[in-house]
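**Q**
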Amino acid sequence: MRCSSCEPLLDRFLEGTLTPREMSETAAHLRSCAGCARLLEELKVVDALLFTTYVPELPRNFTFAVMAETLSLPAPKPHEHRVWSFVALYLAAAWIAALAMFLASGASLTKLGATLAFGLGRLAHAFSGGAAGIGHGAPALATFGLGVLSIDLALACAAAVLYFVVRPRLAAHLASASEGQ
Ligand SMILES: [Zn+2]
Numbered sequence: 183m184r185c186s187s188c189e190p191l192l193d194r195f196l197e198g199t200l201t202p203r204e205m206s207e208t209a210a211h212l213r214s215c216a217g218c219a220r221l222l223e224e225l226k227v228v229d230a231l232l233f234t235t236y237v238p239e240l241p242r243n244f245t246f247a248v249m250a251e252t253l254s255l256p257a258p259k260p261h262e263h264r265v266w267s268f269v270a271l272y273l274a275a276a277w278i279a280a281l282a283m284f285l286a287s288g289a290s291l292t293k294l295g296a297t298l299a300f301g302l303g304r305l306a307h308a309f310s311g312g313a314a315g316i317g318h319g320a321p322a323l324a325t326f327g328l329g330v331l332s333i334d335l336a337l338a339c340a341a342a343v344l345y346f347v348v349r350p351r352l353a354a355h356l357a358s359a360s361e362g363q
């Protein structure tokens with residue numbers, strides 16, 4: 183028997199499904215051929231790996247125990263703080279960008295303060311006295327941006343107060359009102 187005709191038979195040789203004649207011929211070749219014998223050993227290893235799949239033994243109360251454990255955990259809370267962290271991040275990034283732009287233009291910090299105050303005054307004037315206030319004097323883009331950012335900051339503070347102070351009180355009020363009924 184040649185190696186080329188022995189190799190395709192090794193699978194069934196291991197399974198023991200060859201004809202008696204093929205079995206004895208293959209066995210005879212394997213005794214004389216180290217290459218095919220090594221191939222047979224590799225096949226045995228692969229078979230051993232395939233047929234020894236490990237199935238863990240579960241305790242009888244596995245499902246009940248898992249469900250009990252799940253129920254004893256605190257209920258997950260919705261991510262309330264995600265919005266606030268986003269607002270804070272946005273404001274911080276916007277302020278840093280605006281300050282960087284301002285300082286990059288060669289201005290000093292005292293001038294920045296003056297510009298900020300001027301911009302806020304200009305914006306306040308514009309809001310109280312109509313849009314005409316912004317038109318004359320041609321405020322610099324940085325001044326306008328810082329003014330807008332200041333308003334952003336004020337709005338964010340107002341929203342935070344509404345959310346963290348007014349809302350809990352309103353909720354408590356509603357709860358006591360529904361208890362009174
Ligand atoms: Zn061989």
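Here the sequence shown is numbered in the numbering used here, starting from 183 and rising by one per residue. Note that CB positions come from ideal geometry on N, CA and C, so glycine has one too. None of the values given here were measured: they were computed from a predicted structure.
1) Give the DSSP-derived three-state secondary structure of residue 295 in the structure shown.
2) Sorted by chain position, which residues of the same chain lie with C-beta nearer than 6 Å to residue 243's C-beta, five sequence neighbours on each side aside?
3) Verify whether the separation of the beta carbon atoms of residue 191 and residue 225 is less than 8 Å.
4) Is the beta carbon of residue 328 sitting closer than 8 Å to the one on residue 298?
5) Does the distance from the C-beta atom of residue 335 to that of residue 273 stay below 8 Å?
6) Mind checking whether residue 208 and residue 188 have CB atoms under 8 Å apart?
7) Give the DSSP-derived three-state secondary structure of residue 215 in the structure shown.
8) Exposed or buried, residue 284, counting other C-beta atoms within 10 Å across all chains shown (16 or more means buried)?
9) If we count the other Cβ atoms within 10 Å of its Cβ and call it buried at 16 or more, is residue 212 buried or exposed?
10) Would you report the Cα separation of residue 339 and residue 292, rounded to the nearest angstrom?
**A** Checking against the coordinates, here is how it stands:
1) Here residue 295 sits in helix by DSSP.
2) Correct list: empty, nothing qualifies.
3) No, the pair does not count as a contact, with Cβ atoms beyond the cut-off.
4) If you check the CB distance, residue 328 and residue 298 come in under 8 Å.
5) A contact, by the Cβ cut-off of 8 Å.
6) The answer is yes: Cβ separation under 8 Å.
7) Coil at residue 215, not helix or strand.
8) It is buried - the Cβ of residue 284 has at least 16 other Cβ atoms within 10 Å.
9) Within 10 angstroms of the beta-carbon of residue 212 lie 16 or more other beta-carbons, which makes it buried.
10) Answer to the nearest angstrom: the Cα atoms are 25 Å apart.
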